[in-house]
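Visitor:
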Amino acid sequence: MQVALKQIIVAPGTQLLLKDVNWQQFQDLLTNLGESRSARISYSKGMLEIMVPLPEHEDNKVIIGDLVKAILEEMDVEFRSLGSTTFENEKMAAAKEPDDCFYIQNEAKIRGKKRLNLTVDPPPDLAIEIDITSRTRLNSYQDLGVSEFWRYDGSKLEINILQAGKYIQSNQSLNFPSLPIIEVIPEYLERSKVIGRNATMKLFRAWLREQLAG
Numbered sequence: 001m002q003v004a005l006k007q008i009i010v011a012p013g014t015q016l017l018l019k020d021v022n023w024q025q026f027q028d029l030l031t032n033l034g035e036s037r038s039a040r041i042s043y044s045k046g047m048l049e050i051m052v053p054l055p056e057h058e059d060n061k062v063i064i065g066d067l068v069k070a071i072l073e074e075m076d077v078e079f080r081s082l083g084s085t086t087f088e089n090e091k092m093a094a095a096k097e098p099d100d101c102f103y104i105q106n107e108a109k110i111r112g113k114k115r116l117n118l119t120v121d122p123p124p125d126l127a128i129e130i131d132i133t134s135r136t137r138l139n140s141y142q143d144l145g146v147s148e149f150w151r152y153d154g155s156k157l158e159i160n161i162l163q164a165g166k167y168i169q170s171n172q173s174l175n176f177p178s179l180p181i182i183e184v185i186p187e188y189l190e191r192s193k194v195i196g197r198n199a200t201m202k203l204f205r206a207w208l209r210e211q212l213a214g
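Sequence positions in the sequence shown follow full-length UniProt numbering and run 1 to 214.
1) Looking only at its chain, what residues have a beta carbon closer than 7 Å to the beta carbon of Ala70, apart from the 5 residues adjacent to it on each side?
2) Of all the options Gly154, Ser178 and Arg137, which has the alpha carbon lying nearest to the alpha carbon of Gly160?
3) Could you pull out every residue in the same chain whose Cβ sits closer than 7 Å to the Cβ of Leu118, ignoring the five residues on either side in sequence?
4) Apply the 10 Å Cβ neighbour rule to Lys96 and answer buried if 16 or more other Cβ atoms are within range, or exposed otherwise.
5) Could you name the residues that DSSP lists as bridge partners for Lys96?
6) Any idea which residues DSSP pairs Ser192 with across the strands?
7) Going by CA-CA distance only, name the one from Glu183, Pro122, Asp153 and Asn139 that's closest to Asp131.
8) Give the single residue among Gly165, Asn60, Gln25 and Gln24 whose Cα lies nearest to the Cα of Glu190.
9) If we ignore side chains and look at the alpha-carbon of each, how far apart do Ile104 and Leu179 end up?
10) Between Val52 and chain C, is there a C-beta pair that is closer than 8 Å?
11) Classify Pro124: buried if its beta carbon has 16 or more other beta carbons within 10 angstroms, exposed otherwise.
So this is what it looks like as structure tokens:
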């Protein structure tokens, strides 16, 4: 008897791995899952991962995303945030739904587009993953060509920069080279858990203005 994917229960904070899944099977599974779902997917060369995030995961994702938006707004840089959009590249047999992602340098190239095709459109300039209960595999992001990838593990931020098709860890952000991102993002994220989101964003914007003015 064949078991349908909708019969499988993935508990929050856990992941399900399926191997030897071809591209058509992946597309069928994606259709089976539907768009109104809490699960996130990742696919790379036959390996399919399904993960259901915890509330803590979502809190961290939202605050980090808000901090990035504040930086871009204070720098007066146009951007497009596409959240957990499903990015696919059939040629590379890769697909990924980040926790959050941003088009920055390439924003103008995808401005106004309702559908993206990574065989012709550029990938996001920045992707963010919250790894509280599991560790994100880098393969999918490498295969999609995402130039900068952040991973937050609940205490520290890891910055990965794509060079020659492989990620290398860096202490400096490619998109925000003048800011100590690796230090300030975790710092203000932790502040938000003590003083609240709005108070934190006011302090962060004030700090940003000082940095940019200097």
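By construction, the Cβ of each residue, glycine as well, lies at the ideal position given by its N, Cα and C atoms.
Guide: Straight from the coordinates:
1) To locate residue 70, count along the sequence shown from 1; it is residue 70. So the qualifying residues of the chain are Met201, Phe204, Arg205 and Leu208.
2) Taking the first residue of the sequence shown as position 1, residue 160 is located at position 160. The sequence given here has Asn at residue 160, not Gly. Nearest C-alpha to Asn160: Arg137.
3) Along the sequence shown, read from residue 1 onward, the residue named residue 118 stands at position 118. Same-chain partners within the cutoff: Phe87, Glu88, Asn89 and Leu144.
4) For the purposes of this step, residue 96 is taken as residue 96 along the sequence shown, with counting starting at 1. Burial call: buried.
5) Taking the sequence shown and counting its residues from 1, one reaches residue 96 at position 96. Answer is Ser42 and Phe87.
6) Mapped onto the sequence shown, residue 192 falls at position 192. Paired residues: none, contrary to the question.
7) As a first step, residue 131 is located in the sequence shown; it is residue number 131 there, counting from the start. If we check each option's Cα against that of Asp131, Asp153 comes out closest.
8) Position 190 of the sequence shown, counted from the first residue, corresponds to residue 190. The shortest Cα separation from Glu190 among Gly165, Asn60, Gln25 and Gln24 belongs to Asn60.
9) Position 104 of the sequence shown, counted from the first residue, corresponds to residue 104. Position 179 of the sequence shown, counted from the first residue, corresponds to residue 179. Roughly 16 Å separates the two Cα atoms.
10) This model lacks chain C altogether, as it is built from one protein chain only.
11) Here residue 124 refers to the residue found at position 124 when the sequence shown is read from its first residue. Buried, because 16 or more other Cβ atoms sit within 10 Å of the Cβ of Pro124.
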